[in-house]
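Visitor:
2 protein chains.
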Amino acid sequence: MQFFRPILLINGILLTTLGVFMLVPGLVDLAMGNPDWKVFLAAATVTTFVGAALGISNWGFSGDITLRQAFALTTFSWLAAVTFAALPFAFSELGMGFTNAFFESMSGLTTTGSTIIVGLDTAPPGLLLWRALLQWLGGIGIIVMAIAILPMLQVGGMQIFRLESSDSSQKILPRAKQIAVSIIVLYVGFSIVCAIAYGFAGMSGFDAITHAMTTIATGGFSTHDSSMGGFDSISIELISIVFMVVGSLPFVLYLQAIRGKVGPLYRDSQVQWFFATLATLVFLLALYQMQKTSIEFSEALRHSAFNVTSILTGTGYATENYMDWGTFAAITMFCIMFIGGCAGSTTCGLKIFRFQVIFAALRVQIKRMIHPHGVFFPRYNNQKINPDVVSSVASYFFLFFACFSALALGLSLLGLDTITAFSSAGTAIANVGPGLGDIVGPAGSFEPLPDAAKWLMSAGMLLGRLELFTVLVMFTPGFWRI
Amino acid sequence: MQFFRPILLINGILLTTLGVFMLVPGLVDLAMGNPDWKVFLAAATVTTFVGAALGISNWGFSGDITLRQAFALTTFSWLAAVTFAALPFAFSELGMGFTNAFFESMSGLTTTGSTIIVGLDTAPPGLLLWRALLQWLGGIGIIVMAIAILPMLQVGGMQIFRLESSDSSQKILPRAKQIAVSIIVLYVGFSIVCAIAYGFAGMSGFDAITHAMTTIATGGFSTHDSSMGGFDSISIELISIVFMVVGSLPFVLYLQAIRGKVGPLYRDSQVQWFFATLATLVFLLALYQMQKTSIEFSEALRHSAFNVTSILTGTGYATENYMDWGTFAAITMFCIMFIGGCAGSTTCGLKIFRFQVIFAALRVQIKRMIHPHGVFFPRYNNQKINPDVVSSVASYFFLFFACFSALALGLSLLGLDTITAFSSAGTAIANVGPGLGDIVGPAGSFEPLPDAAKWLMSAGMLLGRLELFTVLVMFTPGFWRI
Numbered sequence: 001m002q003f004f005r006p007i008l009l010i011n012g013i014l015l016t017t018l019g020v021f022m023l024v025p026g027l028v029d030l031a032m033g034n035p036d037w038k039v040f041l042a043a044a045t046v047t048t049f050v051g052a053a054l055g056i057s058n059w060g061f062s063g064d065i066t067l068r069q070a071f072a073l074t075t076f077s078w079l080a081a082v083t084f085a086a087l088p089f090a091f092s093e094l095g096m097g098f099t100n101a102f103f104e105s106m107s108g109l110t111t112t113g114s115t116i117i118v119g120l121d122t123a124p125p126g127l128l129l130w131r132a133l134l135q136w137l138g139g140i141g142i143i144v145m146a147i148a149i150l151p152m153l154q155v156g157g158m159q160i161f162r163l164e165s166s167d168s169s170q171k172i173l174p175r176a177k178q179i180a181v182s183i184i185v186l187y188v189g190f191s192i193v194c195a196i197a198y199g200f201a202g203m204s205g206f207d208a209i210t211h212a213m214t215t216i217a218t219g220g221f222s223t224h225d226s227s228m229g230g231f232d233s234i235s236i237e238l239i240s241i242v243f244m245v246v247g248s249l250p251f252v253l254y255l256q257a258i259r260g261k262v263g264p265l266y267r268d269s270q271v272q273w274f275f276a277t278l279a280t281l282v283f284l285l286a287l288y289q290m291q292k293t294s295i296e297f298s299e300a301l302r303h304s305a306f307n308v309t310s311i312l313t314g315t316g317y318a319t320e321n322y323m324d325w326g327t328f329a330a331i332t333m334f335c336i337m338f339i340g341g342c343a344g345s346t347t348c349g350l351k352i353f354r355f356q357v358i359f360a361a362l363r364v365q366i367k368r369m370i371h372p373h374g375v376f377f378p379r380y381n382n383q384k385i386n387p388d389v390v391s392s393v394a395s396y397f398f399l400f401f402a403c404f405s406a407l408a409l410g411l412s413l414l415g416l417d418t419i420t421a422f423s424s425a426g427t428a429i430a431n432v433g434p435g436l437g438d439i440v441g442p443a444g445s446f447e448p449l450p451d452a453a454k455w456l457m458s459a460g461m462l463l464g465r466l467e468l469f470t471v472l473v474m475f476t477p478g479f480w481r482i
Numbered sequence: 483m484q485f486f487r488p489i490l491l492i493n494g495i496l497l498t499t500l501g502v503f504m505l506v507p508g509l510v511d512l513a514m515g516n517p518d519w520k521v522f523l524a525a526a527t528v529t530t531f532v533g534a535a536l537g538i539s540n541w542g543f544s545g546d547i548t549l550r551q552a553f554a555l556t557t558f559s560w561l562a563a564v565t566f567a568a569l570p571f572a573f574s575e576l577g578m579g580f581t582n583a584f585f586e587s588m589s590g591l592t593t594t595g596s597t598i599i600v601g602l603d604t605a606p607p608g609l610l611l612w613r614a615l616l617q618w619l620g621g622i623g624i625i626v627m628a629i630a631i632l633p634m635l636q637v638g639g640m641q642i643f644r645l646e647s648s649d650s651s652q653k654i655l656p657r658a659k660q661i662a663v664s665i666i667v668l669y670v671g672f673s674i675v676c677a678i679a680y681g682f683a684g685m686s687g688f689d690a691i692t693h694a695m696t697t698i699a700t701g702g703f704s705t706h707d708s709s710m711g712g713f714d715s716i717s718i719e720l721i722s723i724v725f726m727v728v729g730s731l732p733f734v735l736y737l738q739a740i741r742g743k744v745g746p747l748y749r750d751s752q753v754q755w756f757f758a759t760l761a762t763l764v765f766l767l768a769l770y771q772m773q774k775t776s777i778e779f780s781e782a783l784r785h786s787a788f789n790v791t792s793i794l795t796g797t798g799y800a801t802e803n804y805m806d807w808g809t810f811a812a813i814t815m816f817c818i819m820f821i822g823g824c825a826g827s828t829t830c831g832l833k834i835f836r837f838q839v840i841f842a843a844l845r846v847q848i849k850r851m852i853h854p855h856g857v858f859f860p861r862y863n864n865q866k867i868n869p870d871v872v873s874s875v876a877s878y879f880f881l882f883f884a885c886f887s888a889l890a891l892g893l894s895l896l897g898l899d900t901i902t903a904f905s906s907a908g909t910a911i912a913n914v915g916p917g918l919g920d921i922v923g924p925a926g927s928f929e930p931l932p933d934a935a936k937w938l939m940s941a942g943m944l945l946g947r948l949e950l951f952t953v954l955v956m957f958t959p960g961f962w963r964i
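For the protein sequence lines, the chains are A and B, in the order given. With my numbering as the guide, the letters of the first sequence map in order to residues 1 to 482. With my numbering as the guide, the letters of the second sequence map in order to residues 483 to 964.
1. Using DSSP bridges, identify the partner residues of Lys866/B.
2. For Tyr748/B, name the three-state secondary structure that DSSP assigns.
3. Taking buried to mean at least 16 other C-beta atoms within 10 Å of its own C-beta, is Asn789/B buried or exposed?
4. Measure from the C-beta of Met228/A to each C-beta in chain B and report whether the shortest distance is under 8 angstroms.
5. Which of the residues in the segment 399-421 of chain A, read from start to end, lie with their CB under 8 angstroms from any CB of chain B?
6. Any C-beta of chain B sitting closer than 8 angstroms to the C-beta of Val50/A?
7. Residue ranges of each alpha helix (DSSP H) run of no fewer than 4 residues wholly in the segment 75-139 of chain A, ordered along the chain?
8. Please identify, using Cβ separations under 9 angstroms, the residues of the segment 503-531 of chain B that lie next to chain A, in order along the chain.
9. What's the C-alpha gap between Lys507/A and Tyr396/A?
10. For the segment 177-190 of chain A, which residues have a beta carbon sitting closer than 9 angstroms to at least one beta carbon of chain B?
11. Contact criterion: CB-CB distance below 8 angstroms. Does Val308/A meet it with respect to chain B?
12. Going along the chain, which residues of the segment 848-881 of chain B sit with their C-beta nearer than 7 angstroms to a C-beta in chain A?
13. Name the chain A residues that come within less than 9 angstroms of Thr775/B, Cβ to Cβ?
14. Take Ser664/B as the anchor and find which of Leu737/B, Gly917/B and Gly702/B has the nearest alpha-carbon.
15. For a contact defined as C-beta to C-beta under 9 angstroms, what are the partners of Gln636/B on chain A?
16. Any beta-carbon of chain A closer than 8 angstroms to the one on Arg550/B?
17. Can a CB atom of chain B be found closer than 8 angstroms to the CB of Ala195/A?
18. Reducing DSSP to helix, strand and coil, say where Tyr288/A ends up.
19. Which full runs of the alpha helix (DSSP H) of 4+ residues lie inside the segment 295-380 of chain A, going along the chain?
20. Three or more C-beta pairs under 8 angstroms: does that hold for the segment 881-893 of chain B against the segment 933-948 of chain B?
21. Starting from the C-beta of Ala318/A, find all residues in its chain whose C-beta is less than 8 angstroms away, skip the five residues before and the five after it, and write them out in chain order.
22. For chain A, is any of its Cβ atoms less than 8 angstroms away from the one on Gly475/B?
23. List the residues of chain A whose Cβ lies closer than 7 angstroms to the Cβ of Ala965/B, in chain order.
24. Note down, in chain order, each residue of its chain lying with its Cβ closer than 8 angstroms to the Cβ of Phe21/A, except the 5 sequence neighbours on either side.
25. Could you give the C-beta distance for Trp823/B and Phe756/B, rounded to a whole number, given that I count them as a contact under 8 angstroms?
26. Are the segment 622-642 of chain B and the segment 719-727 of chain B touching by the rule of at least three beta carbon pairs closer than 8 angstroms?
27. Can you tell me whether Ser730/B is helix, strand or coil according to DSSP?
28. Compute the distance between the beta-carbons of Pro250/A and Gly139/A, then report whether it is under 8 angstroms.
29. Give me the Cα-Cα distance between Gly595/B and Leu491/B, rounded to the nearest whole angstrom.
30. Below 6 angstroms CB to CB, which residues in the same chain sit around Ile209/A once its five sequence neighbours on both sides are set aside?
31. Hey, is Val955/B's beta-carbon within less than 8 angstroms of any beta-carbon in chain A?
32. Give the secondary structure of Asn913/B by DSSP, where H, G and I count as helix, E and B as strand, and everything else as coil.
33. Using the beta-carbon of each residue, which ones in chain B are nearer than 9 angstroms to Thr319/A?
34. At 7 angstroms on the CB atoms, spell out the chain B contacts of Ile331/A, in chain order.
35. Tell me which residues share the same chain as Phe859/B and place their Cβ nearer than 8 angstroms to its Cβ, disregarding the 5 neighbours each side in the sequence.
36. Would Pro477/A be called buried (16 or more neighbouring beta carbons within 10 Å of its own) or exposed?
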């Protein structure tokens, strides 16, 4: 029981905070005369009460937690937050069951962006704001976690991003606090700039704020069923592209840039690879689309730039149903959904640095084949990669595709057709949002899926968001035997 | 030019042998009064002539080749053999163009089993025998290569199968000869036993011999459009299952078993994993099928046992159109197509040992996460795995899926629908045979695909068969710069 006390304490603090955040959409509903404010008040009361109870009953925790506690803390915090954040959906006038509410909440906090709700345009503003807030909180939550906690947990090669060489797991929390404050300030700043830009480009104040929150978090929830396509504005799309990209780069590098060291930002090989990948894909799909649908290149480029950025970064906004562009576009979108952005950003997926590490290992492999007696080392950002990191990244790739296959198989057992099953599994585990095909594609919704499929996908989203290992390690007997 | 002389010499010997083998189906056609014997005579003449010319003009080669020559030799030998083996198809009364002939020949020699020909039941016997012969020769070719050459080339983790610790690349050919003789004797023995068994089970002499050749080679070419399903005989299916499995185990272990050391065969962890995987999958799909189609368990088990064995081992025979079993079955078949059998067998795919290596790395990863200061090593067959091997296997996985994605994208660019494109790419690179869907599924044929798609798939089959690196290394600038 002693093991869980700090975990319960932190969960208590987290839930209390979440409860307070619930008041924001409640106040908006109240101000706009929408009866839904009662829903938020009720949810906030329950959440704050549970949070406060947990916090008070476990008070007196010293600040040091063990490595195992850090794993458990991470998983349980997200689960608890998702469960309570689902309450406003469950209580609301939309009449969602708890399954749908949980799915929507998980999709929000993991910044996935898959939605159950059809009829966003007429949904109460409080709920729309709540969805945006969830993604926004999820986005900052994951950055803080990726920077401060995952490198210590040595999850899937994240150890190369350790901020200093000493890896004492005892100091996780104090360090997290330090970094978190700067990052949060930065994140709030970006969000404000993005919202102002959206406003200038013609969005209403409400749309600008909610979309800014879901853009910087690369989440992808919109307040309209037609997503970003409904605005049909080049300037809005451009702003969106810029801030999806901002959300996909390593946030620590921004901190350095602000302190005057801009070099690391544009010299970082992960950043360079990200831009190279993005540019290549945008150009390729623009060409393909132009050839297929006989539109002009500028038009094709616009569609391609927006939708490729949206899928590659795992945001999930759509301006077009790219299923109509042809099979090549659909398959490309399916493949790039797994790539994601940079480590230490709000994006999910495998992430660029893992491809770099594997690619470096591959190069060395080929060199060794040609010169069997030569000595070669894989490098990342001009530094030797430890063999442990290669092994770690390789395990991550393997586990990722194993989980993806298991999820796809599970979904197909529940009766989903091949394309819906594969793409739903992919979009969940890579935290993207839309799938492929008529049902879950960019023009569809996840509402028609059976309940069991929604639970499976929720599990997939959590796994993907917490970098698989963080969750799965707790299912190994060794974890509890110590 | 000096670089190519031994390569040309060995290609000469190889083509001369191939030309002589062409006389076999020619004689069969002649004996059965089929005019196609002229086709084989013409093809044999051309092939033997070219082979002899290459051999004589490059005579005087000492026996030692360098590592780089070994790479070039491997790739060029397969390409040359496939090209000349295509001649009988191109010249034949079936009127196949060279593209179709090359595809069929590649599918034969790589033991893939995808076919262009519709109307096998009425095709001339010489051609049917030629198809079977190609798979049979391809099967033994790949075993010899996997045992004697690939471990020296350090391709994708194959170095753990080095037969002795000294890895002097100078001695590749003499060693290959030694091992090849024993393996060839064994292979011929298995084929004879298999043919006799098929004969006793009711096949005609011709069917028994051709099917024995394509069973032991895990190739999958049949002499009937209905594949193995046409015989509708449990005993034939059982014999087929046994010999597909025989073809999927490491042939070196048979050699040891014959010399009295049976232990290594059943204690080998790769063999154990293979059987465990096979049994689990057969059982699972039988249960699923029973539930879906309301047939009896024994009937479902029969279908499942045969078709799962056929796809897992990359053979590609079918007794059932498993597309009709439901989405789960289709997705499972798609996933297991990538697994394959053991290293040093006639199977293709990723192969069991690579999954074991990655899985071992994954276990160590998780242990390290829980005990960051513990010391753990991944193990294969109770021996420590060198970090290089893990990296090598990881690179292989990555390259495999990169090639698969590139192939699927290429095929989709040529207009194939999503399922046809994905499954054709998979079936080519894993050397399986049938794909999924109405066109290329177990009940279809590859004939309707555009020519460019057939060339792409041929490239995929060669890549998959030669373990990717062997071919791709020659496309790196470093290979030619030495």
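Glycine is no exception: its CB is placed at the ideal position from the N, C-alpha and C atoms.
Guide: Taking the structure as given:
1. To locate residue 866/B, count along the second sequence from 1; it is residue 384. DSSP output for Lys866/B lists Arg861/B as bridge partner(s).
2. As a working mapping, residue 748/B is identified with position 266 in the second sequence. In this structure, Tyr748/B counts as helix in the three-state DSSP scheme.
3. By one-based count along the second sequence, residue 789/B stands at place 307. Per the 10 Å Cβ criterion, buried.
4. Taking the first sequence and counting its residues from 1, the one referred to as residue 228/A is at position 228. No, Met228/A lies away from the interface with chain B (no Cβ there is under 8 angstroms from its Cβ).
5. Leu399, Phe401, Ser405, Ala408, Leu409, Ser412, Leu413, Gly415, Leu416, Asp417, Thr418, Ile419 and Ala421
6. The residue given as residue 50/A occupies position 50 in the first sequence. With 8 angstroms as the cut-off, Val50/A does not count as an interface residue toward chain B.
7. 87-91 and 98-109
8. none
9. Residue 507/A is absent from the structure shown; chain A starts at 1 and stops at 482.
10. none
11. Position 308 of the first sequence, counted from the first residue, corresponds to residue 308/A. No - not a single Cβ of chain B is within 8 angstroms of the one on Val308/A.
12. Ile848, Lys849, Arg850, Met851, Ile852, Pro854, Pro869, Val872, Ser873, Ser874, Ala876, Ser877, Phe879, Phe880 and Leu881
13. As a working mapping, residue 775/B is identified with position 293 in the second sequence. Per Cβ cutoff of 9 angstroms: no residues; Thr775/B is ~15 angstroms from chain A at best.
14. Here residue 664/B corresponds to residue number 182 of the second sequence, with the count starting at 1. Considering only alpha carbons, the answer is Leu737/B.
15. Here the question's residue 636/B lines up with position 154 in the second sequence. Residues of chain A passing the Cβ test: Gln365, Arg368, Met369 and Pro372.
16. Here residue 550/B refers to the residue found at position 68 when the second sequence is read from its first residue. It does: the Cβ of Arg550/B has a partner Cβ on chain A nearer than 8 angstroms.
17. Locating residue 195/A in the first sequence gives position 195, counting from the first residue. No, Ala195/A lies away from the interface with chain B (no Cβ there is under 8 angstroms from its Cβ).
18. Indexing the first sequence from 1 puts residue 288/A at position 288. Helix.
19. 297-312, 327-336 and 352-370
20. yes
21. For the purposes of this step, residue 318/A is taken as the residue at position 318 of the first sequence. Answer for Ala318/A: Ser227, Met228, Gly229, Asn307, Ser310, Pro434, Pro442 and Ala443, listed in chain order.
22. With chain B covering 483 to 964 only, the question about residue 475/B has no answer from this structure.
23. In this structure chain B extends from 483 to 964, so residue 965/B is not present and cannot be described.
24. Here residue 21/A refers to the residue found at position 21 when the first sequence is read from its first residue. Excluding positions up to five away in sequence, the list reads Leu133 and Leu137.
25. Position 341 of the second sequence, counted from the first residue, corresponds to residue 823/B. Position 274 of the second sequence, counted from the first residue, corresponds to residue 756/B. Per the sequence presented here, residue 823/B reads as Gly, with Trp not at that position. Rounded, the Cβ-Cβ distance is 6 angstroms, consistent with contact.
26. no
27. As a first step, residue 730/B is located in the second sequence; it is residue number 248 there, counting from the start. If DSSP states are grouped into helix, strand and coil, Ser730/B belongs with the helices.
28. Sequence index remark: in the first sequence, residue 250/A carries index 250 (1-based). Sequence index remark: in the first sequence, residue 139/A carries index 139 (1-based). No, these two residues do not count as a Cβ contact at 8 angstroms.
29. Walking along the second sequence from the start, residue 595/B turns up at place 113. Walking along the second sequence from the start, residue 491/B turns up at place 9. Between Gly595/B and Leu491/B, the C-alpha separation is close to 29 angstroms.
30. Position 209 of the first sequence, counting from 1, holds the residue named residue 209/A. Around Ile209/A: Ala195.
31. Residue mapping note: residue 955/B aligns to position 473 of the second sequence, counting from 1. With 8 angstroms as the cut-off, Val955/B counts as an interface residue toward chain A.
32. Within the second sequence, the letter at position 431 stands for residue 913/B. Here Asn913/B sits in coil by DSSP.
33. Position 319 of the first sequence, counted from the start, is the residue given in the question as residue 319/A. Under the 9 angstroms cutoff, chain B gives no residues; its nearest Cβ is about 22 angstroms from Thr319/A.
34. For the purposes of this step, residue 331/A is taken as the residue at position 331 of the first sequence. The answer, in chain order, is Ala890, Leu891, Ser894, Thr900 and Ala903.
35. As a position in the second sequence, residue 859/B is number 377, starting the count at 1. Answer for Phe859/B: Val846, Lys866 and Ile867, listed in chain order.
36. Counted from its first residue, the first sequence places residue 477/A at position 477. By the neighbour-count rule (16 or more Cβ atoms within 10 Å), Pro477/A is not buried but exposed.
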